[in-house]
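Right, one structure below, let's go through it.
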């Protein structure tokens, strides 16, 4: 599903963000990516989304070779995955319903299918009653659930969550990860970047630890040494 | 792209204009102000040019025919003069008519010329010739001089050169003012659109992350820019229309002999409204939609 082979990334200002990273995340897995600030986690996510190109190495995500993908193919690639960000990234003037529907509209889904699918997904994340509310009127946790619904609505094989609990209360964080955990149980691959020790230890999934641009540990489930970097 | 998607994107463009109404108002204000300045400068130059054209038309060459020329000679000369490229009009003035005109000018002393009537008339037959292009006045005068039927050509060279000078200055000043205003307007409008798009760069990046194609993202912005340009154009047109009518009415009532003389050569609004509206709409829509398309493009590299 996600394959990094000897990937390095060096920015134009000379910063070495990643150095010779190799990792493989299989279909149906739930992987936490942890590491301190500046370790290279964000660069890893940017490379997975093809927001950045690697300086060297090969990246495959969802069957796309991201080294060879053409610019006009990027939208098609991004439609195969769902993305959740720390700052929710919802369109402020659109209601929760329209934010979720937007991800379907870009793929030319018919209005009839949109009317059928969006309420269902909003129901899955527990926001059926708040469909007509704009993001500003929702709590942080609710906004993140809208973002999660938007990531889910296209039925992606992979969800990439970049610190999805970073801007919400700790108790709501568990709810969000619980939702991701449930989605994972249905077969969707989840990659989640986080700082939160309690979450990682609580959910007991694979933990990939990055430090100074390299993978320093990769454990099938949470172990104490991974927690040192959180 | 499906028709339903296209309809949705067009609707989104309109909605976005309302949602971002503060920036939209600023952009419309700037664009309309620029168009008003351009329109006012253009109309001013066109009116000055119209007045100068009138004086140019009044400017005529007087051609005196040879003494004792017969009717055949007059007809030949008439044909040759009218055949000349730059001649727009040639009016024959017989020596009797010329004498009558002179007597009219003399007024109460007209009796002094009575002895020249009939057989004693010493005045030559003549033609009053108007030219199409004042720039070719000397060339045309030389052509007339070369005709055997013509003994003398009187050319108002000095007046013609003065008028030509005025026309050149008016034309170049008009073009320069409109061009400068247009350039300044474009820079201001470009920056206004740039700020509008910059304020929404996050929104654009969200669209990219959910897999929107570049045309899908651009279209609502282009529609928004197009509507913005159209509203500005209509607003500017209404202001220029109202202002022009007001100035025309004012000029018509001012107690000034020279202004009243010039007033009749002012261009009526009915003669320019179509061109003005079309130009405003073309500039407004062009700048609005093209500007949006270019600046959105800068934020699509996500």
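Chains as they are written, first to last, in the working numbering: chain A, 1 to 230; chain W, 1001 to 1302.
All C-beta atoms in this analysis are idealised placements derived from N, C-alpha and C, irrespective of residue type, glycine included.
In whole angstroms, what is the alpha-carbon distance linking residue i and residue j?
i, j, result
"residue 1195/W", "residue 1252/W", "45 Å"
"residue 1240/W", "residue 1040/W", "7 Å"
"residue 229/A", "residue 198/A", "For residue 229/A, the predicted structure reports a pLDDT of 49, less than 50, and the residue's modelled location is therefore unreliable. The matter cannot be settled from this model."
"residue 1047/W", "residue 1273/W", "14 Å"
"residue 29/A", "residue 1286/W", "51 Å"
"residue 56/A", "residue 7/A", "6 Å"
"residue 1182/W", "residue 16/A", "48 Å"
"residue 1019/W", "residue 1192/W", "17 Å"
"residue 1154/W", "residue 1170/W", "27 Å"
"residue 214/A", "residue 10/A", "13 Å"
"residue 227/A", "residue 39/A", "A caution first: residue 227/A carries a pLDDT of 49, below 50, which makes its placement in the model too unreliable to give a value."
"residue 144/A", "residue 77/A", "23 Å"
"residue 203/A", "residue 37/A", "22 Å"
"residue 1053/W", "residue 1207/W", "58 Å"
"residue 1140/W", "residue 1060/W", "12 Å"
"residue 1161/W", "residue 1050/W", "17 Å"
"residue 1281/W", "residue 1024/W", "17 Å"
"residue 1176/W", "residue 1258/W", "28 Å"
"residue 1119/W", "residue 1079/W", "27 Å"
"residue 1213/W", "residue 1271/W", "46 Å"
"residue 1305/W", "residue 1117/W", "Because chain W spans 1001 through 1302 in this model, residue 1305/W falls outside it and cannot be assessed."
"residue 65/A", "residue 178/A", "31 Å"
"residue 58/A", "residue 131/A", "41 Å"
Classify residue i as helix, strand or coil using the three-state DSSP reduction.
i, result
"residue 24/A", "strand"
"residue 124/A", "helix"
"residue 209/A", "strand"
"residue 1204/W", "helix"
"residue 57/A", "strand"
"residue 1019/W", "helix"
"residue 1032/W", "helix"
"residue 5/A", "strand"
"residue 1105/W", "helix"
"residue 1212/W", "coil"
"residue 166/A", "coil"
"residue 1194/W", "helix"
"residue 1130/W", "strand"
"residue 90/A", "coil"
"residue 134/A", "coil"
"residue 155/A", "coil"
"residue 1287/W", "helix"
"residue 1176/W", "helix"
"residue 33/A", "strand"
"residue 69/A", "coil"
"residue 1038/W", "helix"
"residue 1090/W", "strand"
"residue 48/A", "helix"
Under 9 Å Cβ-Cβ, which residues of chain W neighbour residue i?
i, result
"residue 117/A", "Per Cβ cutoff of 9 Å: no residues; residue 117/A is ~14 Å from chain W at best."
"residue 102/A", "1206, 1207, 1210, 1212"
Residue i versus chain W: which residues are under 8 Å apart at the beta carbon?
i, result
"residue 49/A", "1209"
"residue 64/A", "By Cβ distance, chain W contributes nothing, its closest Cβ being about 12 Å from residue 64/A, past 8 Å."
"residue 106/A", "1207, 1210, 1211, 1212, 1213, 1216"
"residue 150/A", "1210"
Under the assumption that residue i contacts residue j (Cβ atoms under 8 Å), give the Cβ distance between them as a whole number of angstroms.
i, j, result
"residue 127/A", "residue 159/A", "Rounded, the Cβ-Cβ distance is 17 Å, inconsistent with contact."
"residue 1043/W", "residue 1244/W", "6 Å"
"residue 161/A", "residue 90/A", "So it is not a contact: roughly 15 Å between Cβ atoms."
"residue 1056/W", "residue 1112/W", "35 Å between Cβ atoms; not a contact."
"residue 200/A", "residue 219/A", "10 Å between Cβ atoms; not a contact."
"residue 1235/W", "residue 1288/W", "Actually they do not touch by this definition, with Cβ atoms about 13 Å apart."
"residue 1143/W", "residue 1083/W", "Between residue 1083/W and residue 1143/W the Cβ distance is about 10 Å, and since that is not below 8 Å, they are no contact."
"residue 1216/W", "residue 1292/W", "Wrong, their Cβ atoms sit about 14 Å apart, outside the cutoff."
"residue 114/A", "residue 152/A", "The Cβ separation is near 14 Å, so there is no contact."
Starting from residue i, find everything on chain A with Cβ-Cβ shorter than 8 Å and list it in chain order.
i, result
"residue 1135/W", "By Cβ distance, chain A contributes nothing, its closest Cβ being about 56 Å from residue 1135/W, past 8 Å."
"residue 1239/W", "Within 8 Å Cβ-Cβ: nothing; residue 1239/W doesn't reach chain A, min ~31 Å."
"residue 1019/W", "93"
For residue i, which residues in chain W fall below 7 Å Cβ to Cβ?
i, result
"residue 75/A", "1211, 1212, 1213"
"residue 91/A", "1203, 1206"
"residue 79/A", "1211"
"residue 177/A", "Within chain W, no residue comes near residue 177/A; the closest Cβ sits about 21 Å away, beyond 7 Å."
How about residue i and residue j: are their beta carbons less than 8 Å apart?
i, j, result
"residue 100/A", "residue 121/A", "yes"
"residue 1151/W", "residue 1064/W", "yes"
"residue 1149/W", "residue 1233/W", "no"
"residue 35/A", "residue 210/A", "yes"
"residue 1265/W", "residue 1197/W", "no"
"residue 150/A", "residue 1210/W", "yes"
"residue 156/A", "residue 95/A", "no"
"residue 231/A", "residue 117/A", "Look at the range of chain A in this structure, 1 to 230, and you will see that residue 231/A is not part of it."
"residue 205/A", "residue 163/A", "no"
Which chain A residues sit within Cβ distance under 7 Å of residue i?
i, result
"residue 1299/W", "By Cβ distance, chain A contributes nothing, its closest Cβ being about 13 Å from residue 1299/W, past 7 Å."
Strictly below 9 Å CB to CB, what residues from chain A border residue i?
i, result
"residue 1008/W", "105, 111"
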